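To keep things clear, I will list the structure first and then write my remarks on it.
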């Protein structure tokens, strides 16, 4: 191995994004729905401004040289979020124990109790 005077340091990439998917549901009984998602409709968006590259884990310091890595980091973040979303959505086949109270919906998905709040348009 060739000698190098550079120091290797870990690089952290943080980003946030959103995944959306469409599908249809069918009533199974009075408080359960069967879900059929259309995976061809899966869309992932990651804002380029949310991608952060840091090389100093203690101070979260970045270098201007890291800017050249941003496009690749954006692609990587998008791929990772898409894979994670696919994993989550693939488990979503049924919603059970649905209860609606005004703008709140409580239910069970995959043996986890969840509560959703209606968003106003």
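Numbering (our numbering), first residue to last: 95 to 215.
Each residue gets a CB set at the ideal place from its N, CA and C atoms; glycine is no exception.
None of the values given here were measured: they were computed from a predicted structure.
Assumed close pair residue i, residue j - CB separation to whole angstroms, cut-off 8 Å
i	j	result
residue 113	residue 176	7 Å
residue 131	residue 183	6 Å
residue 147	residue 167	6 Å
When the options are compared against residue i, the one with the closest alpha-carbon
i	options	result
residue 141	162, 172, 149 and 117	172
residue 189	124, 107, 108 and 105	124
residue 143	184, 134, 116 and 164	164
residue 169	204, 138 and 183	138
residue 179	133, 192 and 197	133
residue 213	122, 204, 199 and 205	199
Residue i in three-state terms, based on DSSP
i	result
residue 208	strand
residue 170	helix
residue 120	strand
residue 181	helix
residue 200	strand
residue 160	helix
residue 143	helix
According to DSSP, residues forming a beta bridge with residue i
i	result
residue 191	According to DSSP, which records beta bridges pairwise, residue 191 is partnered with nothing at all.
residue 107	147
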